[in-house]
Structures are given as structure tokens and as C-alpha cells.
Amino acid sequence: MPNSSNSITDLGVAAIRDGVAAGQFSAVEVAEAFNANVAAAQSALNAFIVATPEKAIEAAKAVDAARSAGQALGPMAGVPIGMKDLFATEGVQTTAASHMLEGFVPRYESTVSRKLWEAGAGMLGKLNLDQFAMGSSNESSYFGNVISPWQRPGSNAQLTPGGSSGGSSAAIAARLAPAATGTDTGGSIRQPAAYTGTVGIKPTYGRCSRWGVVAYASSLDQAGSMARDVTDCAIMLEAMAGFDPKDSTSLDLAVPAWTASLSGDLRGKKVGIPLEYRVDGMPAEVDAIWEQGIAWAKDAGAEVVEVSLPHTRYALAAYYIIAPAEASSNLARYDGVRYGLRDLPDGAGLQDMYAATRAAGFGDEVKRRILIGTYVLSAGFYDAYYTQAQKVRTLISQDFAKAFEAVDVLLTPTAPSAAFALGENVDDPLSMYLNDVFTVPASLAGLPAMSVPAGLDVQGLPLGLQIIGRPLDEQGVLNAGLAIEARAGFTAKPEKWW
Ligand code: GLN
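Taken in order, the sequence shown gives residues 7 to 504; the numbers are from this note's numbering.
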């Protein structure tokens with residue numbers, strides 16, 4: 007049934023779930039349609055590291071059987087999703103896109119993925135990403151970069167789907183999955199969403215359990231949902247979030263009914279525009295879409311207020327000290343003894359095994375971060391770099407706290423440009439890091455933040471707007487996102503070439 011499967015893969019989370027519940031199509035039909043798209047796009051887009059069509063079918067059969075038996079269905083029942091390959095999945099290879107973990111098959115399930123399966127979702131496969139989630143373009147993956155389904159009109163130059171959750175964003179934009187998990191340490195949900203015309207939300211730090219998520223920078227890492235609209239993101243986030251005693255930083259709070267409370271009515275709300283986010287050299291179009299977003303917020307009834315976040319300009323520098331510092335510590339566990347790769351040259355001792363394993367198992371970007379992190383934590387430089395960066399982090403949090411005395415949410419561009427071409431920044435780590443200029447501050451402060459597609463640039467590529475909220479106010483973020491989404495009317499999708 008080519009027609010019905012074509013239309014099924016254009017549906018989102020809510021539509022699929024409701025359609026399955028109403029008997030318009032079976033969960034197995036849905037899984038088959040997405041499995042077919044995943045297989046057809048793999049060689050062109052490289053969005054998945056491993057496809058698991060049998061898992062998607064197995065979950066779908068369980069949902070169809072439950073429905074026939076008249077049992078209650080979960081909030082994600084019948085929805086097949088992509089799982090970023092940073093989440094440990096029992097019995098399915100989990101690599102963090104690294105050679106180090108190639109062949110590693112966990113004997114346990116991450117809390118977030120387990121919750122999603124319990125909610126009725128099925129797994130289409132493990133999505134490609136930047137190696138250990140370090141990167142902004144997906145080019146640091148050991149398994150080759152993901153290629154964006156978007157192209158500039160009249161050009162077949164390959165573009166980045168963003169990073170690190172670039173497999174997630176590409177799969178959603180290309181209709182290989184209606185939704186996917188992402189993780190965000192400094193922008194890895196929001197920037198790929200912005201580059202692909204999709205929606206992604208990173209909740210407050212601590213909302214989603216980090217248990218079973220391969221660690222990058224533990225004080226920043228946070229899982230979130232990615233989909234094609236705000237409602238679908240809310241549904242999925244609700245299924246993912248919640249207290250987990252296995253993660254000491256997990257928040258012991260009930261998950262609010264975000265979806266049921268969605269409202270795009272911003273009357274009585276104040277939207278802050280941070281002055282310091284007007285950075286030099288930002289393309290005029292990004293500025294224009296931001297202005298457009300301000301007009302939409304007003305149209306939704308909000309009062310728009312300028313606010314100041316004076317320490318914004320130190321955020322990137324602080325982030326690129328703190329994140330590598332934590333990474334250098336987290337990645338010390340990959341030593342050839344317990345996980346994944348072991349390189350044991352003939353006659354080698356323990357130290358040689360460590361060195362050989364780590365030399366072979368980590369890519370260049372990961373090594374760069376480990377070197378920087380080890381340096382800033384070393385006895386002679388700790389105070390000069392790491393302690394300073396932590397102080398800056400506190401100042402950035404205080405800036406936000408002050409701004410949120412005056413406003414309910416903040417509105418900014420998500421990224422300083424549209425998607426760039428693969429290869430364009432790969433040898434220039436600094437320009438790559440600059441991509442994170444608007445996303446990193448909210449990460450340092452642990453705040454909920456999302457990206458919604460707002461329009462296209464002159465080249466026909468998506469641009470996103472970011473909404474940042476108070477701690478625990480995912481509802482405020484989602485509602486402002488809904489207001490923008492309703493006015494942007496973003497329906498563009500990449501023209502199929504794969
Ligand atoms: N691009 C940022 C980095 O490389 C953010 C990555 C992320 O959020 N995982 O660290």
C-alpha cells in the first residue's frame with residue numbers, strides 16, 4: 007500500500023497514537039512504513055548506526071494485541087521512534103558513535119528508553135551522533151557523518167543536520183521517524199532541531215534520568231524529545247521524564263501534565279529579549295526571524311521586554327572548560343579493561359594497553375577534549391581555568407535568575423546561522439564551537455529550553471527560534487513554543503532526493 011504508507015510516515019506522535027487507538031491503521035502497519043523509510047534512506051543519509059526493524063515490529067504487535075484485548079494503551083502506544091545511540095539499550099549495540107564502544111551490547115536498559123517502551127513506543131534503531139556527543143555537525147562520528155535531508159535549491163552540496171543529535175534531527179525531517187530522543191549538553195537537541203526544521207526540547211537539568219546514558223559532561227547532560235511539532239515533543243517528554251533513584255541528580259518531583267495544559271495564549275505573559283544575544287556578524291536573516299518571533303509573541307498577547315544577561319559573552323569560554331573537564335574524568339573509564347575496545351599489543355603491560363586502547367578507540371575531537379579537560383584540571387591550572395569557569399557559571403545562572411524576576415520566558419535565535427556544509431568547519435574547532443553561542447548559557451544554568459522552526463532563509467534552509475524558561479517551567483517554554491509554532495505555520499519539508 008504505497009499510498010497509505012506514504013501518508014503514515016508524514017504523521018506525528020499524537021496522530022499515530024490516536025490513529026492506532028481508533029483502529030484507522032494498525033501499529034504494525036505504522037512500524038512497517040517507517041522501517042521501509044529507514045532502510046531506503048540509510049545509504050544516502052546515514053542517520054542510523056543500527057536499524058532494529060524487528061524491535062519496532064515486536065513493540066507494534068504488542069500494542070495491536072493490547073488494543074484487540076481492550077487493554078488501556080500507553081501515551082506513546084504504536085509510535086515507533088529513533089533512539090540516539092547514547093542511550094544504553096539492552097541487547098542492542100550502544101556505541102556513542104565511537105570505535106571505543108563498537109560492539110558493546112549493554113545488558114541493561116537506560117531509564118529514559120525503558121520508560122518510552124513502557125509507554126508503548128517501539129524502536130526503529132540507534133541513531134548516529136557526534137562521537138560521545140561532542141560536536142555540532144555530526145562529523146565526529148566514527149560511523150561517518152549524518153547527511154541532512156535538506157539541500158540548498160539547485161545544489162547538491164551536503165549539509166550538516168547539526169550535532170550532536172544529528173541522526174535524530176535528520177531522521178525526523180526525512181520522515182524516517184516521527185520522533186526521536188536527543189541529549190543536550192550545550193545545545194545538542196536545539197541546534198540540530200533548528201538546522202532541520204524540527205522541534206526539540208531540553209528540560210530542566212534533572213527532569214530526565216541520566217542512568218544508562220553514556221556520560222559526556224554530567225553536570226550538563228540532559229535528555230529530551232525531538233519531533234515535528236510542539237505537542238508531540240510534550241507528549242514524548244512526559245513519557246521520558248520523572249524521578250529515578252538510580253541517578254543522584256534526578257529531581258524527585260512529579261511530572262506535570264504538560265500536554266494537557268498546552269496553551270498558545272500568552273496574554274499576561276512577559277517575553278524577554280536578551281540584548282547580549284545580538285552578536286556581531288550575525289546574518290541579517292537570523293535577526294529578521296528573531297524580529298518576526300517578537301511580533302508573533304506580541305500577537306499571542308505577550309508583553310515583550312528587553313532584558314540584560316551581561317555574562318553571556320563568557321558562556322562559551324566557560325562551557326568549553328567545564329564540559330571538557332567533566333568529559334576527561336568521565337571518559338577515564340574507557341581503558342580497555344571493562345568496556346568495548348581492548349588494544350593489547352604483544353608483550354604489552356597494563357599502561358601500554360591503556361595507551362593503545364585509548365589511542366585507537368577515541369577520535370580526534372574526543373582526544374582534544376580529554377587533553378583540554380585534563381589540562382584545566384591539572385594542579386597548576388585548576389584555579390586559573392576550572393575554578394574561574396565555575397564562577398562564571400554561577401554568574402550566568404544569576405543573570406538568568408535576575409531576568410526571570412522581570413519576564414516569564416526568553417526568546418532568542420537558536421543558532422547564529424542556518425545549517426552549514428559538511429567539511430566547512432571541520433578543521434576549525436573554534437568556529438565550530440561558536441555555533442553553540444546561543445544554546446550554551448541555558449545549559450550552564452540548567453534551564454529548560456527548546457527550539458521551534460520559524461522560517462526559511464534565502465537559501466531555503468530552516469531557521470529556529472529558541473525559548474528559554476525558568477527552572478522547572480517546561481510548561482511556559484512549551485506554551486510559548488506553541489504560540490510561535492501556530493504563527494510561523496512552518497510546513498516546509500526537505501525535497502526527497504535520497
Ligand atoms: N556542540 C556542543 C559540544 O560540542 C554541544 C554538544 C552537546 O550538547 N552534546 O560540546
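Beta carbons are placed, not taken as given, at the ideal position from N, Cα and C, and that holds for glycine.
Task: Local Cβ density within 10 Å of G168, reported as buried at 16 or more and exposed below that - done: Buried: at least 16 other Cβ atoms inside 10 Å.
Task: Near the ligand GLN: M82 beta-carbon under 7 Å from a heavy atom - done: No, since every heavy atom of the ligand GLN falls outside the 7 Å radius drawn around the Cβ of M82.
Open item on the list: For G466, which residues in the same chain have their Cβ closer than 7 Å to its Cβ, ignoring the five residues on either side in sequence?
Closed with: Hits under 7 Å: R158, P159.
- [ ] Please state whether DSSP places M129 in a helix, a strand or coil.
- [x] DSSP, read as helix, strand or coil, puts M129 in strand.
- [ ] For M140, verify whether its CB is less than 7 Å away from any heavy atom of the ligand GLN.
- [x] Between the ligand GLN and the CB of M140, the shortest heavy atom gap is smaller than 7 Å.
Task: Cβ pair E237, A20 closer than 8 Å - done: Residue identity differs from the one stated: residue 237 is Thr in this sequence, not Glu. Between T237 and A20, the CB-CB gap stays under 8 Å.
Open item on the list: I need the boundaries of the alpha helix (DSSP H) containing S334, first residue and last residue.
Closed with: Per DSSP, S334 is one residue of the alpha helix (DSSP H) stretching across 321-336.
Open item on the list: Report the start-end ranges of each beta strand (DSSP E) in the segment 213-266 that is 3 residues or longer and not cut off at the edges.
Closed with: Those beta strand (DSSP E) runs which fall completely within the segment 213-266 and span 3+ residues are 228-233.
Open item on the list: Assuming P468 and W156 are in contact, meaning their beta carbons sit under 8 Å apart, how far apart are those beta carbons, in whole angstroms?
Closed with: 7 Å between Cβ atoms; contact.
Open item on the list: Cutting at 7 Å between CB atoms, please list the residues of its own chain near A260, excluding the five before and the five after it.
Closed with: Taking C-beta separations shorter than 7 Å and ignoring five residues to either side along the sequence, A260 has no partners in its chain.
Open item on the list: Quick check on the burial criterion: 16 or more other C-beta atoms within 10 angstroms. Buried or exposed for R196?
Closed with: The residue in question, R196, is buried, as its Cβ has 16 or more Cβ neighbours within 10 Å.
- [ ] Let me know if Q472 comes out buried or exposed under the rule of 16 or more other beta-carbons within 10 Å of its beta-carbon.
- [x] Buried, since its Cβ has 16 or more Cβ neighbours within 10 Å.
- [ ] Please indicate yes or no: does the CB of S457 lie closer than 7 Å to some heavy atom of the ligand GLN?
- [x] S457: no, Cβ never under 7 Å from the ligand GLN.
Open item on the list: Suppose only complete runs of 3+ residues qualify. What are the beta strand (DSSP E) ranges in the segment 443-494, listed by chain order?
Closed with: If we require 3 residues or more, the beta strand (DSSP E) runs fully inside the segment 443-494 come out as 455-462, 468-475.
Open item on the list: Quick check on this structure: which residue in I279, G88, K61 has the alpha carbon closest to the alpha carbon of F5?
Closed with: Because residue 5 is not part of the residues shown, which for the chain are 7 to 504, the question remains open.
Task: Three-state class that DSSP yields for D433 in the structure shown - done: In the structure shown, D433 falls within a coil segment according to DSSP collapsed to helix, strand and coil.
Open item on the list: Under DSSP, the alpha helix (DSSP H) around I63 begins and ends at which residues?
Closed with: For I63, the enclosing alpha helix (DSSP H) starts and ends at 59-74.
TODO: Would you be able to state if there are at least three C-beta pairs under 8 Å between the segment 272-290 and the segment 306-313?
DONE: These segments touch.
Task: Alpha carbon of Y320 to alpha carbon of R284, nearest angstrom - done: Near 14 Å, if we compare the C-alpha coordinates of R284 and Y320.
- [ ] Return the first residue and the last residue of the beta strand (DSSP E) that T187 is part of.
- [x] In the DSSP assignment, T187 falls within the beta strand (DSSP E) that extends over 185-190.
TODO: Just mark V111 as buried or exposed, buried being the case when its beta carbon has 16 or more other beta carbons within 10 Å.
DONE: In summary, V111 is exposed, with fewer than 16 beta-carbon neighbours lying within 10 Å of its beta-carbon over all protein chains present.
- [ ] Can you say whether A521 is buried or exposed, counting buried as having 16 or more other CB atoms within 10 angstroms of its CB?
- [x] Outside the displayed span of the chain (7 to 504) sits residue 521, for which this structure offers no information.
Task: Nearest residue (CA-CA) to Y391, options V398, R399, V382 - done: Ranking V398, R399, V382 by Cα distance to Y391 puts V382 first.
TODO: May I ask you to list the residues that DSSP assigns as paired with L383?
DONE: Per DSSP, none; premise fails for L383.
TODO: List the endpoints of the continuous beta strand (DSSP E) containing E282.
DONE: For E282, there is no enclosing beta strand (DSSP E), as DSSP marks it with neither H nor E.
- [ ] Kindly list the residues whose CB is nearer than 7 Å to the CB of I580, restricted to its own chain and excluding five residues on each side of it in sequence; keep chain order.
- [x] Residue 580 cannot be examined here, being either before or after the span of the chain that is shown, 7 to 504.
Open item on the list: Can you tell me whether A45 is helix, strand or coil according to DSSP?
Closed with: Helix, per DSSP.
TODO: Using a threshold of 8 Å, state whether the C-beta atoms of S215 and D250 are closer than that.
DONE: In this structure, D250 lies closer than 8 Å to S215 by Cβ.
Task: Sequence-distant residues of its chain with Cβ nearer than 7 Å to A240 (five each side left out) - done: Excluding sequence neighbours, A240 sits near W264, T265, L268, L484.
TODO: Look at the Cβ atom of A27, then the Cβ atom of L79, and state whether they are nearer than 8 Å.
DONE: A contact, by the Cβ cut-off of 8 Å.
Task: Residue ranges of each beta strand (DSSP E) within the segment 347-429, 3 or longer - done: Counting only runs that start and end inside the segment 347-429, the beta strand (DSSP E) elements of at least 3 residues fall at 415-419.
Task: Under 8 Å between C-beta atoms of A245 and K121 - done: In this structure, A245 lies near K121, with their beta-carbon atoms less than 8 Å apart.
Open item on the list: What does the alpha-carbon distance come out to for the pair G248 and W123?
Closed with: For G248 and W123, the distance between alpha carbons rounds to 15 Å.
- [ ] Please state whether DSSP places G80 in a helix, a strand or coil.
- [x] In the displayed model, G80 falls within coil according to three-state DSSP, outside both helix and strand.
Task: Status (buried if at least 16 other CB within 10 Å, exposed otherwise) for S146 - done: Around the Cβ of S146, a 10 Å sphere holds 16 or more other Cβ atoms; the residue is buried.
- [ ] With DSSP as the reference, please indicate the residues paired to I153 in a beta bridge.
- [x] I153 has no beta-bridge partner at all, per DSSP.
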